[in-house]
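Undergrad:
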Amino acid sequence: MKVAIIVSMLVVAACAQDKYKSDLEGDFDVTELLNNERLLLSYTRCLIDKGPCTPEVKAVKDKLPEALATKCAKCTDKQKELGKKLAVELKRTHPAVWAQLVAKYDPQGQHQAAFQEFLTKQ
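Those letters in the sequence shown? Residues -16 to -1, 1 to 106, by mature numbering (1 follows the signal peptide of the UniProt record, and there is no 0).
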């Protein structure tokens, strides 16, 4: 019985560690970012290697290729929610910036179908 409890605790701990840690998701206001053109463009310049990065955005940038490749398998529900809202609004309001992000992170288009499914999934 003790072994089963210990194994269960280890599995729970391992699963918890498999999620991305993010300082951006705490009290991050995605609406505020989307309404702040200067900040939004600063973040996206970081993501496409055309500007400096804050530590928080650099952390996102470092995980982005893996997140795309694994269909966000290590993302928390909150990270998925934020990512979806940001992607939808960025595509709608800044299509040129969106195109630059796609060119950087998915130049062959291999993640497009999975990403579109992610965006439309409830």
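From the three backbone atoms N, C-alpha and C, an ideal C-beta is built for every residue, glycine too.
Values in this document were obtained by computation on a predicted structure and should not be read as measured data.
Give me the Cβ distance between I32 and L74, rounded to the nearest whole Å; I'm assuming they're in contact under 8 Å.
TA: Between L74 and I32 the Cβ distance is about 12 Å, and since that is not below 8 Å, they are no contact.
Undergrad: In this structure, does DSSP put L8 in helix, strand or coil?
TA: Low confidence applies here, because L8 scores a pLDDT of 49, under 50, leaving its location unreliable and the question unanswered by this model.
Undergrad: Closest by CA to E21, which one among H78, K69 and P91?
TA: For E21, the nearest C-alpha among the options comes from H78.
Undergrad: Use the C-beta contact count for V41: other C-beta atoms within 10 angstroms, 16 or more gives buried, fewer gives exposed.
TA: Buried, because 16 or more other Cβ atoms sit within 10 Å of the Cβ of V41.
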